[in-house]
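K.L.:
There's a structure below that I have some questions on.
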Amino acid sequence: MEKIFRFLSDIAIHNDREWFHAHRHLYEEAQAEFVRVVETMIDHIGRFDSEVIGLPVKSTLYRFHRDTRFSPDKSPYKRHLGAYINPRGKKSSHGGYYLHLEPSNCLLAGGAYCLEMPVLRAIRQSIVDRTDEFRTIVENTAFKELFPVLGETRLKTLPAGFPRDFPYPDYLRPKDYSVCHRLPDGFFLSPDWAERAAGIFRTMKPFLDFVNDTVDDYL
9 MEKIFRFLSD
19 IAIHNDREWF
29 HAHRHLYEEA
39 QAEFVRVVET
49 MIDHIGRFDS
59 EVIGLPVKST
69 LYRFHRDTRF
79 SPDKSPYKRH
89 LGAYINPRGK
99 KSSHGGYYLH
109 LEPSNCLLAG
119 GAYCLEMPVL
129 RAIRQSIVDR
139 TDEFRTIVEN
149 TAFKELFPVL
159 GETRLKTLPA
169 GFPRDFPYPD
179 YLRPKDYSVC
189 HRLPDGFFLS
199 PDWAERAAGI
209 FRTMKPFLDF
219 VNDTVDDYL
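Residues 9 to 227, numbered by the numbering used here, are exactly what the sequence shown covers, in order.
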């Protein structure tokens, strides 16, 4: 972990190709360590979610080079290392587990992202149809402490086509059904980080199962 954070701190300061190529060995060392981190995380998640057992680490990783074509930020490299542990693949609508390491911006997250409108509408309808079940999950004390907000972005009003008197409108407003828990860097420097991270993901799993129950009907 120390090598990972040291390299990411350096690349945040020296985010240019000349420095990267001169210090490529630092990236390769950090990347090798991150592969081991992800292997450990897959192993721990597999103890309560059998679908990820045997998932190749390579299938969970993202390119470190940034796509700058449509961004005003032309920095060539990311400032983080991330892995999306998803048994159906990184691009699937099926929800998975996301690990993000970035100095002062580490997080664990998961859920279903970039949903097509029919799938998003179907999840919202599932919440309406199975309100008590959904509330039992997201209003659980342990879940709320870790994941107080549903979705990265949300509508300001209820989505069209849903009853205006639905008593839990905040559950229908997300534009994606994901959750996120931010963590200090020190969390990942502790010897028991993997067990603790797995505990957070385990708390998230009932939410993930609810969402995937609908998403998988469209895959």
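The beta carbon of each residue, even a glycine, is placed where N, CA and C say it ideally should be.
Apart from the five residues just before and just after residue 160, which ones in its own chain have a Cβ nearer than 7 Å to its Cβ?
P.N.:
184, 186
K.L.:
With distances taken from CA atoms, which of 157, 19, 168, 119 is nearest residue 72?
P.N.:
19
K.L.:
Of all the options 23, 27, 39, 225, which has the alpha carbon lying nearest to the alpha carbon of residue 134?
P.N.:
Checked all of 23, 27, 39, 225; the closest Cα to residue 134 is 225.
K.L.:
Per DSSP, what kind of secondary structure is residue 88 in: helix, strand or coil?
P.N.:
coil
K.L.:
Out of curiosity, what's the CA-to-CA distance linking residue 127 and residue 222?
P.N.:
Pairing residue 127 with residue 222, the inter-Cα distance amounts to about 8 Å.
K.L.:
In the DSSP assignment, the beta strand (DSSP E) including residue 105 goes from what residue to what residue?
P.N.:
104-109
K.L.:
Flag this pair as yes or no: are the beta carbons of residue 310 and residue 189 separated by less than 9 Å?
P.N.:
The chain is shown from 9 up to 227; residue 310 falls before or after that span and cannot be answered.
K.L.:
Taking residue 60 as part of the beta strand (DSSP E), name the residues at either end of that continuous run.
P.N.:
Where residue 60 is concerned, there is no enclosing beta strand (DSSP E), given that its DSSP letter is neither H nor E.
K.L.:
Shortest alpha-carbon distance to residue 70 belongs to which of 10, 107, 151, 81?
P.N.:
107
K.L.:
Reducing DSSP to helix, strand and coil, say where residue 228 ends up.
P.N.:
A question about residue 228 goes unanswered here, because the residues of the chain that appear run from 9 up to 227.
K.L.:
Whole-angstrom Cβ separation of residue 49 and residue 168, contact assumed at under 8 Å?
P.N.:
At roughly 39 Å, the Cβ-Cβ gap does not stay under 8 Å, so residue 49 and residue 168 are not in contact.
K.L.:
When the Cα atoms are used, what is the spatial distance from residue 172 to residue 166?
P.N.:
Answer to the nearest angstrom: the Cα atoms are 7 Å apart.
K.L.:
Would you give the residue range spanned by the beta strand (DSSP E) that residue 189 belongs to?
P.N.:
Judged by DSSP secondary structure, residue 189 falls within the beta strand (DSSP E) whose first and last residues are 185-191.
K.L.:
What first and last residue would you give for the beta strand (DSSP E) that runs through residue 120?
P.N.:
114-120
K.L.:
Assign residue 22 to one of three DSSP states: helix, strand, or coil.
P.N.:
coil
K.L.:
Could you give the distance in angstroms between the alpha-carbon of residue 84 and the alpha-carbon of residue 23?
P.N.:
7 Å
K.L.:
From residue 57 to residue 64, what distance separates their C-alpha atoms?
P.N.:
In this model, residue 57 and residue 64 are separated by some 15 Å (Cα to Cα).
K.L.:
Please state the DSSP three-state secondary structure of residue 126.
P.N.:
DSSP places residue 126 in the helix class (H, G or I) of the three-state scheme.
K.L.:
Tell me the DSSP secondary structure of residue 166 in three-state form.
P.N.:
Coil at residue 166, not helix or strand.
K.L.:
Rounded to the nearest angstrom, what separates residue 177 and residue 29 at their Cα positions?
P.N.:
51 Å
K.L.:
According to DSSP, which residues form a beta bridge with residue 93?
P.N.:
In the DSSP output, where bridge partners are listed per residue, residue 93 has 105.
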